[in-house]
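Chains as they are written, first to last, in our numbering: chain A, 1385 to 1717; chain B, 1385 to 1717.
Glycine residues also receive a C-beta, built at the ideal position from the N, C-alpha and C atoms.
I have placed the structure first, in the form of structure tokens, so that the comments after it can refer back to it.
There are 2 protein chains.
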Amino acid sequence: MGRITIKDIAKLLEVNPSTVSRALKDHPDISVSMKEKIQQVAKDLGYQPNYQAIRFRQNKSGLIGLIIPEMGMFFFPAVVKAIEEIVKKNGYNLIILQSNDLLEKEKENALVCQNFGLDGLLVCLSKETMDVGHFTETIQRKMPIVFFDKVIQQKECSTVVINDELAAITAINHLARKGYKKISGIFGNQNLEITQSRKKGFLKALTKHRLLHYGEFCFHADTLEESKRKFAELLEQSVLPDAVFTMTDQTLAGVIQAIYEKGLSIPEELAVICISNGNLPYYLNPQITHIRHSGYAVGKTAVELLFDLMNDKVVVSNNQLELETFLVELDSC
Amino acid sequence: MGRITIKDIAKLLEVNPSTVSRALKDHPDISVSMKEKIQQVAKDLGYQPNYQAIRFRQNKSGLIGLIIPEMGMFFFPAVVKAIEEIVKKNGYNLIILQSNDLLEKEKENALVCQNFGLDGLLVCLSKETMDVGHFTETIQRKMPIVFFDKVIQQKECSTVVINDELAAITAINHLARKGYKKISGIFGNQNLEITQSRKKGFLKALTKHRLLHYGEFCFHADTLEESKRKFAELLEQSVLPDAVFTMTDQTLAGVIQAIYEKGLSIPEELAVICISNGNLPYYLNPQITHIRHSGYAVGKTAVELLFDLMNDKVVVSNNQLELETFLVELDSC
DNA sequence: ATCGTTTGCGCAAACGATTGCGGAAAATAC
DNA sequence: GTATTTTCCGCAATCGTTTGCGCAAACGAT
């Protein structure tokens, strides 16, 4: 015999399946003696409810979806770790979908989510995404969504982000306080709001400290390799920066490789600061001063907000959370 | 009106739902004219099949499960990336479960997989796991399983691993060839087969090169912090190693921190080699010579084997694959 | 014209669990 | 002793889709 079903138990005890169903969930309509009998048999036979059937009937999937651009080595592992833990704690499970930073794949993923009847969705947008219509139009009526990290701010959307502008300002303030003047800024993809905000903060802080004339030390890089290559080129010029700010771990990794290859000493010849999840900076020599942007905290906050939405616990309509960041001062500046 | 179902289309066209179902999947029993009519209406109404219902009826979940100890920063992100890509390419989706290296949670996860009716399962065992009964007894009759990386070799199990012993031997041979003699070995959790195999290879190679009398430079460490602390202690002793081998990125990260803090120069005062996924070694200064153990390749191979099992494509009963590793010589030795 | 085959579609059961309703038996009330 | 309530369980429909079977009508062959 294959899997034990409610029908099997019912047949064995010569009762109706509905009685078994109610007995197993302690329904008051069933007598104590009958409950005990049924629960005993269920236990003996090793009955396991068919959740597939339950979810089908209740039109619940028991699943939370997570769409991310790509599982890299820095930020998203921490996000995923947090989300998986909390999703499981709430009795759900986690489905992961990668968009590979392609709008097309993101749309496909949105469809998959819809067809799976996911109970909730967490999204970090691809760099190609310019609006979130493919999520809101079709899905959001019944499926709560929380956007995090790479988001597009709209008033109907729940989001979890950090104050990107402030994070960059904090970094530059630190450099300025330490006396660095020729500050280079390395940024990610231009389309992203986080890039724009961090760059805005960067420029704002430079302006405040009257250092803006060194703005030519800035560039954008989508990949680690591009970051490395461009920074290596920058280091070949006649006028060199005395400090560099990178807006992510990924750009940091590229910049660091270029610095090592050039043989510059940190911080004597070049100071370094970045916004980071908080792992890589500790592995490097010297350790890198950074603004802590914890993927774990972002993931945790996003998924907790999602469950609040799912349980209608959120009174406020404007669910746009902003996490705190803080400076971790190490040896690189 | 909510979601469009087959019944809705049937009612609209005054035909039977079964006709609609067959027409939509191009069944030969349905006339061409009827097919066209039905498919047109389905399109107009924006019909989306309820996969939940389909999977329920067919007793298929469309899901592949992945159980890992913990999403760290080094190996598993690459594994997950590969698996997600291939799973999706085959029309499935991926559920991720973390065991946190706890046998209890691993058992819970196995139950979840069962109840979800997953179509296939990929497992990297926790360090507490001593046998795989909680998988094989209950699940494997209907759900193919592939164990990878941290496995327990049994003849009924499909596994994907590397030749751990050979990887360690390759590393030590390289050190010996370069003239290093006092070789320290840093290993992960003792229970794991990968640890035992790598240590075995380490000792075997040391023996071959008549360097075994330096065996006191070895220890085990479960975490990055433990690795750092113990190696820092080791560096306080009177006799120091001239080279260190770490069996993972995680132990490498700890060892590197201890080396940096002590201010030793690599490779002049201390050579370094490791088995690595191939990211971290490039971020360090100098870059670390390593035996490449690609998480992406492991994940890809494991999930491809899984699909072969699911499609009964595997003729051989003994599905124990061993991936190639190779030496990447950089600056640390 | 008769018989056999193909074509095209409907009927109804099934997957496993849930739930509103109804009703017989038991318990309580008067 | 009758009326009313409570207790306890069964009946049957339901979720959306699939599928074996049956059966008319149309077609083809002789």
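- At least 8 Å separates the CB of Pro1453 of chain A from every CB of chain B.
- Going by DSSP, Ile1479 of chain B is part of the beta strand (DSSP E) stretching over 1477-1482.
- By alpha-carbon distance to Leu1509 of chain B, the top candidate from B:Lys1526, B:Asn1499, B:Asn1575 is B:Asn1575.
- If you look at Phe1710 of chain A, you'll find it in the beta strand (DSSP E) that goes 1710-1712.
- Rounded to the nearest whole angstrom, the CA to CA distance from Arg1441 of chain B to Lys1588 of chain A is 60 Å.
- Ala1637 of chain A has a beta carbon lying within less than 8 Å of a beta carbon in chain B.
- With a 10 Å radius around the Cβ and a threshold of 16 neighbouring Cβ atoms, Phe1710 of chain B comes out exposed.
- In summary, the residues of the segment 1417-1435 of chain A whose CB is separated from some CB of chain B by less than 8 Å are Gln1432, Pro1433, Asn1434, Tyr1435, in the order they occur in the chain.
- Where Gly1572 of chain A is concerned, there is no enclosing alpha helix (DSSP H), because DSSP gives it neither an H nor an E.
- For Ser1445 of chain B, the chain A residues whose Cβ falls inside 9 Å of its Cβ are Gln1436, in order along the chain.
- The CB of Lys1465 of chain B comes closer than 9 Å to the CB of Glu1454, Met1455, Gly1456, Gln1482 in chain A, given here in chain order.
- According to the DSSP assignment, Phe1459 of chain B belongs to no beta strand (DSSP E), since it is labelled neither H nor E.
- For the 8 Å CB-CB criterion, Val1545 of chain A and Phe1532 of chain A form a contact.
- Taking 8 Å as the upper bound on Cβ-Cβ separation, chain A lies near no residue of the segment 1530-1543 of chain B.
- Beta-carbon to beta-carbon, Asn1443 of chain A and Thr1389 of chain A are separated by about 21 Å, too far to satisfy the 8 Å threshold.
- The three-state secondary structure of Gly1638 of chain B, taken from DSSP, is helix.
- Under the DSSP assignment, Val1507 of chain A falls in the beta strand (DSSP E) whose first and last residues are 1504-1507.
- Collapsing the DSSP output to three states places Ser1510 of chain A in coil.
- In the structure shown, Gln1704 of chain A adopts extended strand secondary structure according to DSSP, grouped into three states.
- For the segment 1652-1680 of chain B, the residues whose beta carbon sits under 9 Å from a beta carbon of chain A are, in order, Asn1661, Asn1663, Leu1664, Tyr1666, Tyr1667, Leu1668, Asn1669, Pro1670, Gln1671.
- A Cβ-Cβ distance of about 4 Å is found for the pair Gly1683 of chain A and Val1463 of chain A, placing them in contact under the 8 Å criterion.
- Contact check for Val1656 of chain B against Ser1716 of chain B passes: the beta carbons are separated by less than 8 Å.
- As DSSP reads the structure, Val1628 of chain A sits in a beta bridge with A:Ser1568, A:Val1656.
- Straight across, the Cα-Cα distance linking Thr1630 of chain A with Asn1477 of chain A is about 35 Å.
- Closer than 8 Å to the CB of Val1496 of chain B there is at least one CB belonging to chain A.
- DSSP places Ser1542 of chain B inside the beta strand (DSSP E), whose first and last residues are 1542-1546.
- When C-alpha distances from Arg1561 of chain A are compared across A:Lys1592, A:Phe1571, A:Ser1542, A:Glu1488, the shortest belongs to A:Lys1592.
- Using a Cβ-Cβ cut-off of 8 Å, Pro1461 of chain A counts as an interface residue toward chain B, since at least one Cβ of chain B sits closer than that to its own.
- If you check the CB distance, Gly1449 of chain A and Ile1479 of chain A come in under 8 Å.
- Val1416 of chain A counts as exposed, since fewer than 16 other C-beta atoms from the protein chains shown sit within 10 angstroms of its C-beta.
- Residue-level contact by beta carbon fails for Arg1561 of chain A and chain B, as no gap is shorter than 8 Å.
- Taking a Cβ-Cβ threshold of 9 Å, the residues of chain B close to Gln1641 of chain A are Tyr1666, Tyr1667, Asn1669, Gln1671, in chain order.
- Here the C-alpha atom of Leu1624 of chain B lies approximately 8 Å from the C-alpha atom of Phe1601 of chain B.
- Listed in chain order, the positions of the segment 1601-1619 of chain B with a beta carbon within less than 8 Å of a beta carbon of chain A would be empty, since no residue qualifies.
- By the Cβ rule, the segment 1576-1583 of chain B does not count as touching the segment 1612-1626 of chain B, because fewer than three pairs are nearer than 8 Å.
- Within the segment 1581-1616 of chain A, no run of alpha helix (DSSP H) reaches 4 residues while sitting entirely inside it.
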